[in-house]
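Undergrad: Residue numbers (this note's numbering), protein chains in the order written: chain B, -10 to 299; chain F, 189 to 617. C-beta atoms are modelled at their ideal positions from N, C-alpha and C, and glycine is treated no differently. Being a predicted model, the structure only gives us computed values, none of them experimental. My questions all concern the structure below.
What follows is the structure, given as structure tokens:
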């Protein structure tokens, strides 16, 4: 009996030991996260409730919600919010569809398919600034190859100022973003496609399923988990993206392609109003967090339903 | 077990050491090691440009003559320099010496970023050889906050051969003449005579020149030493500003300029001119470099004064060299700055846009531009970050949204005063 009690005590102590060792080993990563992420995040949230102006030290102190009201009352805020939504949704949908189509095309056993699989990654490895500047010149109404070819082929009569027209600027930058990012989807979805057991697809074909049925009822459901992760990640990355739009249009012409991250940059680097920039950053962070909490809650409820848990 | 624990502890300590090592920053005010000083020098030249190559060679010679000083050059574009300086000044981590733009002088001075150079410059032998107006542009409230290392007025660049081919003999001197000649040119050739920038840093620079031609300033110094935009207090001033916006509109409506000019940045404007797409533009003497990249289309260029509204005026750009208060090697930085401003350096690297009165490049890119300095105007010494954005927005309202010029002038006046109030520079008078 005594030896059993001693063993029980030892087991608890060993578990605790393991836990402490694990904590100890991850402590550098925790310090890193706290120092580089948590501390700046907290500073931004705190600054959003204060007057912080880099060129005017006489403005200081607690402002309450003044910065948030200032941001919401800005004449360009609603437009930036709308543009952010359009830019994010169209980019992610376009990238996903193009990525899926190319992944299906590359998931064939053909001679030389390896060459095409390596080619497809090229847009993604081009640095954003290089891609943005190159496309800017290609789309130029005066010197651009895109206008030249479109006029030559007869799609348009005269050159179009794609990045200089408020009706086309945001959509043009979105198109370039889709071009640059879809290879990431292609590679991920291709890997997922290759992981689907061939016998399931063959069995469905034997059972009389046509090509569309095989794709939508057998293959596509298998891609759902990977797709949800991809889409979730890219919604965040696209919504907070600054470089592409800044390089190509700087949010112009006249705010036509301005999104919330561009507006944050303007508050901080043009108006030197760190309080307003922090307020808008905090609002954006809050919106994204709420979005994901709702998404995960709905997912959890659905999963529980499937498992028969109330 | 004990050895496993020891290994875990060593691993954790090693990872912590790595984190600490990652925190070091090489870009800011340089190190001193056994008397060896490294100066961080941020420049805005384009790698491969002639002046970049020449500068590097001279700097290497300087290092040989001063073996205890090493110059660590970082090549950045102006936007990057600006953003890095804003972040660096706030964090107290700045280079020793940096290029800048005239538009940044007041705002960085408000951030208390600069070393006070007043005594240094007043005791400097070369002070008498520096253009007075250039030194004024880097002086705020009698405090000299930088050195004017590049100056240049804007002039009207004209492709003589293109005009001759179109049968046009007169170069316009006024706005009315420009529109008249522009219409004639468009009728004869179906092309556009002129170009302006609707966006980028150059748009406000062009606008300020046109405002000065009509006798108005964007911010006037008041008796309390602060500034105010006074357009709304004087109908004549408001009308003069509206007149400038109408001039821009007329240029487009009369087909003197390409409608795409509304959204041209400086690069589009310069490239359209250097390739011969347009016959005229208001630009600076850096266009001499385009003679190398576009030898065929740039060989016929002449320089004239900018067409004016009521009186001749043009934008005078003064690019400063900043030495920062937080630099750990101020004396060495000042010594190096003197070298950059020396006759030897300026003659070899930038004879056409030097602030030195004893250096002059013969020929159009030097002498012809130098003649225009007399009528040059610069930005007022106020924080311009938001004001220049307001000016671009005003132009966009007029040209892209077709808003009324007078209403836009009133809007711009209000926005300028709001910006001055936010930066604490608005006069109460």
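1) Alpha carbons only, please: which of F:246, F:302 and F:350 is nearest the one belonging to residue 485 of chain F?
2) With DSSP collapsed to three states, give me the class of residue 490 of chain F.
3) From the DSSP secondary-structure annotation, give me the bridge partner or partners of residue 335 of chain F.
4) Taking C-beta pairs closer than 7 Å, name the residues in chain B that residue 481 of chain F reaches, listed in chain order.
5) In whole angstroms, what separates the C-alpha of residue 374 of chain F from that of residue 155 of chain B?
6) Three-state secondary structure (DSSP) at residue 223 of chain B?
7) Distance check for residue 303 of chain F and residue 213 of chain F, CA to CA, integer angstroms please.
8) Name the residues in the stretch 266 to 299 of chain F whose C-beta lies less than 7 Å from a C-beta of chain B; which are they?
9) Would DSSP call residue 271 of chain B helix, strand or coil?
10) Please report the distance separating the alpha-carbon of residue 420 of chain F from that of residue 79 of chain B.
11) What is the DSSP secondary structure of residue 180 of chain B, counted as helix, strand or coil?
12) Is the CB-CB distance between residue 334 of chain F and residue 509 of chain F below 7 Å?
13) Residues of chain B with CB closer than 7 Å to the CB of residue 393 of chain F, please, in chain order.
14) How about residue 516 of chain F and residue 286 of chain F: are their beta carbons less than 7 Å apart?
15) So which of F:451, F:447, F:550 and F:442 has the shortest CA-CA distance to residue 238 of chain B?
16) Since residue 252 of chain F contacts residue 224 of chain F with CB under 8 Å, what's their CB separation in whole angstroms?
17) Rank F:593, F:526, F:399 and F:577 by C-alpha distance to the C-alpha of residue 497 of chain F and give the top, closest one.
18) Any beta carbon from chain B within less than 7 Å of residue 571 of chain F's own beta carbon?
19) Using a Cβ cut-off of 8 Å, which residues of the stretch 313 to 324 of chain F contact any Cβ in chain B, in chain order?
20) Span of the beta strand (DSSP E) holding residue 226 of chain F?
21) Looking at residue 342 of chain F and residue 464 of chain F, is the spacing between their C-beta atoms short of 7 Å?
22) Less than 7 Å separating the beta-carbons of residue 346 of chain F and residue 492 of chain F?
23) Using beta-carbon positions only, say whether residue 332 of chain F and residue 366 of chain F come within less than 7 Å of one another.
24) Report yes or no: is there a C-beta of chain F within less than 7 Å of the C-beta of residue 47 of chain B?
25) Just to check my reading of the structure: residue 249 of chain B and residue 73 of chain B have Cβ atoms closer than 8 Å, yes? What is that Cβ distance to the nearest angstrom?
26) Using the rule of at least 16 other Cβ atoms within 10 Å of the residue's Cβ for burial, across every protein chain shown, is residue 600 of chain F buried or exposed?
27) What does residue 584 of chain F reach in chain B if we use C-beta pairs closer than 7 Å?
28) Quick one: give me the first and last residue of the alpha helix (DSSP H) that residue 665 of chain F is part of.
29) How many angstroms separate the CA atom of residue 611 of chain F from the CA atom of residue 44 of chain B?
30) Excluding the 5 residues flanking residue 454 of chain F on each side, which residues of the same chain have their C-beta closer than 6 Å to its C-beta?
31) Answer yes or no: do residue 348 of chain F and residue 476 of chain F have a C-beta to C-beta separation smaller than 7 Å?
32) Could you give the distance in angstroms between the alpha-carbon of residue 487 of chain F and the alpha-carbon of residue 548 of chain F?
33) Exposed or buried, residue 141 of chain B, counting other C-beta atoms within 10 Å across all chains shown (16 or more means buried)?
34) For residue 601 of chain F, decide whether its Cβ has a neighbour in chain A, counting only Cβ atoms nearer than 7 Å.
TA: Checking against the coordinates, here is how it stands:
1) F:350
2) strand
3) F:509
4) Residues of chain B passing the Cβ test: none, with the nearest at roughly 14 Å.
5) 27 Å
6) helix
7) Unreliable placement is indicated for residue 213 of chain F, whose pLDDT of 48 sits below 50; no coordinate value is reported for it.
8) 271, 274, 278, 295, 298 and 299
9) helix
10) 44 Å
11) helix
12) yes
13) Per Cβ cutoff of 7 Å: no residues; residue 393 of chain F is ~16 Å from chain B at best.
14) no
15) F:451
16) Their Cβ separation, rounded to whole angstroms, is 14 Å, which puts residue 252 of chain F and residue 224 of chain F out of contact at 8 Å.
17) F:399
18) yes
19) none
20) 224 to 231
21) no
22) yes
23) no
24) yes
25) 5 Å
26) buried
27) 242 and 243
28) Chain F is shown from 189 up to 617; residue 665 of chain F falls before or after that span and cannot be answered.
29) 6 Å
30) 385, 388 and 390
31) no
32) 21 Å
33) exposed
34) Going by chain labels, chain A is absent from the structure shown, which instead holds the protein chains B and F.
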